[in-house]
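S.K.: Dumping the structure here so I can ask a few things about it.
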Amino acid sequence: MVLEVALIDVLPGHEDDFAAAYAQAHAVITAVEGCRSVRMTRGVETPTRFVLLVEWDSVQAHEENFRATEAFGKWRALIGPHFAGPPHVEHFVDVPA
Numbered sequence: 001m002v003l004e005v006a007l008i009d010v011l012p013g014h015e016d017d018f019a020a021a022y023a024q025a026h027a028v029i030t031a032v033e034g035c036r037s038v039r040m041t042r043g044v045e046t047p048t049r050f051v052l053l054v055e056w057d058s059v060q061a062h063e064e065n066f067r068a069t070e071a072f073g074k075w076r077a078l079i080g081p082h083f084a085g086p087p088h089v090e091h092f093v094d095v096p097a
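If you count the sequence shown from 1, position 14 lands on 14 in the UniProt record's numbering, and the numbers rise without skipping.
Here it is, written out as structure tokens:
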């Protein structure tokens, strides 16, 4: 399992519209094969900053089953107009305790 972490800054004044668009886009990403869970959080100190957390079976599942498909276009068309700039996206794996 890998965790996709996307730091998303939205245009000031678009916070509520972005959250509403995410509510629609959520169904798009959760339907993708290899997507285990999706969660969006909003900054307290910086309310225009959101963090998307997606658990994927693998980086390959994220890139091939989502990013390279029409589903990504639908996802991006819904939430993308609210972006202040490109999201910063990285993948992470758990560190054993």
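Cβ coordinates follow ideal geometry from the N, Cα and C atoms, glycine included.
#1: Quick check on DSSP: helix, strand or coil for D94?
#2: Can you look up D16 in the DSSP assignment and give me helix, strand or coil?
#3: Suppose the cutoff is 7 Å on Cβ atoms and the five residues either side in sequence are ignored; what does the same chain contact list for R39 look like?
#4: If you draw a straight line from the C-alpha of A27 to the C-alpha of G85, how long is it?
#5: What does the Cβ neighbour count give for V44, buried or exposed, with the cut at 16 atoms within 10 Å?
#6: F50 lies in the beta strand (DSSP E); which residues open and close that run?
#7: Going by DSSP, name the residue or residues bridged to L78.
M.R.: Taking the structure as given:
#1: Coil.
#2: Helix.
#3: The beta carbon of R39 lies closer than 7 Å to those of L53 in the same chain, with the five residues before and after it left out.
#4: When rounded, the distance between both Cα atoms is 23 Å.
#5: An exposed status is given to V44, since fewer than 16 other beta-carbon atoms sit within 10 Å of its beta-carbon.
#6: Per DSSP, F50 belongs to the beta strand (DSSP E) from 49-56.
#7: DSSP lists no partner for L78.
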